[in-house]
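Q: Take 9 as the starting number for the sequence shown in our numbering and just add one per residue. All residues carry an ideal CB built from backbone N, CA and C; glycine is no exception. A quick note: this is a predicted structure, and the numbers were derived from the prediction, not measured.
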Amino acid sequence: MKKSKGSQIIFAILGFFLAAVILSPLIYCLSTSFMTEQEIYASKLVPSRIGLDNYRSALRVAPIFRFILNSTIVACTCTFMQLLTGALAGYAFGSLKFRGRKVLFYLILATMMIPGNAIIIANYLTMAKLQALDSYRALILPYMTSAFCIFNMRQAFLSLPSDLQEAATIDGCNSLQFFVRVGLPLTLPSLGALGIYTFLQIWNQYLWPLLVTNTINLRTVQIGIGMLQNADSVAYGPIMAGTTMVLIPSILVFVLGQKSLISGLTAGAVKG
């Protein structure tokens with residue numbers, strides 16, 4: 009049914025209003041990062057001039073770029089490993105037939121019901137026994153696989169027609185060849201959506217990096233922002249400047265992967 013011009017205008021106004029509400033914290037953060045201390049306490053919305061003093065101050069207090077590098081290394085590595093293990097396990101549970109498949113899959117699903125904070129001490133003790141504390145290994149190893157990723161990739165492989173694998177088998181493809189040449193290309197939308205979700209989830213971690221790292225060179229961005237505060241006063245300008253620098257990579261990932269995210273979320277939603 010074709011929408012009337014009036015309804016299109018109403019939806020456009022609602023969309024603009026919602027976008028303004030959602031983006032207002034980001035816009036205020038960016039605007040405040042250019043303000044002087046007097047302008048911030050005067051509750052101004054727009055700076056009188058564009059100055060970089062707050063950015064210079066933030067970089068003097070904390071090595072923001074080092075924190076961004078650490079978070080990028082950890083987030084990219086964890087994302088790659090979760091997609092790799094999730095795709096392989098999802099293919100096994102969705103396409104291969106073996107004894108105990110359902111029981112094993114349900115056991116993996118059961119781990120999703122355990123809160124992350126409930127096992128954080130066990131993970132910490134494990135990292136301590138492996139002598140991995142205060143290293144990239146401690147930040148990466150507990151997040152190399154994900155039950156959520158396995159579940160979603162299993163659903164993606166289950167949505168593929170069974171005739172595809174039968175035809176590939178007739179053509180001489182084994183299970184690994186079908187996975188690489190047929191399965192992965194057809195499940196790329198799901199992989200893209202999971203990749204963006206996983207990257208942002210790891211990027212925004214706070215408690216685990218705070219627990220397992222001690223040296224400043226291994227701190228991640230969420231902990232680094234806290235270093236811009238001190239016990240005597242709160243410098244809102246440098247904090248907003250540091251927050252703006254930290255937000256840029258995650259916003260870029262979301263914007264560049266928006267198409268993959270939407271196609272992944274809508275994959276299989278329409279059948280015709």
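1. Taking all protein chains shown into account, decide if E45 is buried (16 or more other Cβ within 10 angstroms of its Cβ) or exposed.
2. Considering only the alpha carbon of each residue, which of S15, I178, M135, A70 lies closest to N225?
3. Can you find the residues in the same chain that come closer than 6 Å, C-beta to C-beta, to A83, ignoring five residues on each side of it along the sequence?
4. Out of Y151, K137, L77, point me to the one whose CA is closest to L92's CA.
5. Expressed to the nearest angstrom, what Euclidean distance is found between the alpha-carbon atoms of I116 and G94?
6. Could you check where the alpha helix (DSSP H) with C86 kicks off and where it finishes?
7. Would DSSP call F24 helix, strand or coil?
8. Between the alpha carbons of L22 and G200, how many angstroms are there, rounded?
9. Please classify G14 as buried or exposed, where buried requires at least 16 neighbouring CB atoms within 10 angstroms.
10. Going by beta carbon distance, what residues of the same chain come within less than 6 Å of F113, once the five residues before and after it are set aside?
11. How many whole angstroms separate the CB atoms of E47 and S41, which I take to be in contact at a CB cut-off of 8 Å?
12. Counting along the chain, where does the alpha helix (DSSP H) carrying G234 start and finish?
13. Suppose you measure from the CA of F159 to the CA of S51; what does that come to, to the nearest Å?
14. Have a look at A146 and A118 and give me their C-alpha separation to the nearest angstrom.
15. So which of T223, P197, G245, A176 has the shortest CA-CA distance to N78?
16. Quick one, which of G203, G232, L202, L26 has its alpha-carbon nearest L215's?
17. With DSSP as the reference, label K279 as helix, strand or coil.
18. Compute the Euclidean distance between the alpha carbons of C157 and G203, then round it to the nearest angstrom.
19. In the DSSP assignment, find the alpha helix (DSSP H) that holds M43 and state where it starts and stops.
20. At the level of alpha carbons, what is the spacing between L26 and A66?
21. Please classify R227: is it buried, with 16 or more other beta-carbons within 10 angstroms of its beta-carbon, or exposed?
22. Is it buried or exposed for P169, if we count other Cβ within 10 angstroms and need 16 for buried?
23. Let me know the secondary structure DSSP gives F19 once reduced to three states.
24. Determine the DSSP secondary structure at R145, reduced to helix, strand or coil.
25. For L236, is the classification buried or exposed, using 16 other Cβ atoms within 10 angstroms of its Cβ as the cut-off for buried?
26. So what's Q163 in DSSP terms, helix, strand or just coil?
A: Taking the geometry as given:
1. That one is exposed.
2. A70
3. F207, I210, W211
4. Y151
5. Each residue's alpha carbon lies about 11 Å from the other.
6. Its alpha helix (DSSP H) spans residues 72 to 103.
7. Here F24 carries a helix assignment [DSSP, helix/strand/coil].
8. 29 Å
9. In summary, G14 is exposed, with fewer than 16 beta-carbon neighbours lying within 10 Å of its beta-carbon over all protein chains present.
10. F101
11. Not quite, the Cβ-Cβ distance comes to about 11 Å (not below 8 Å), so this is no contact.
12. 229 to 234
13. 48 Å
14. 24 Å
15. T223
16. G232
17. Here the model assigns K279 a pLDDT of 44, short of 50, so the residue's position is not dependable, and the following value carries that caveat. Coil, per DSSP.
18. Roughly 9 Å between the two C-alpha positions.
19. Neither: M43 is in no alpha helix (DSSP H) and is coded neither H nor E.
20. 32 Å
21. buried
22. exposed
23. helix
24. helix
25. buried
26. helix
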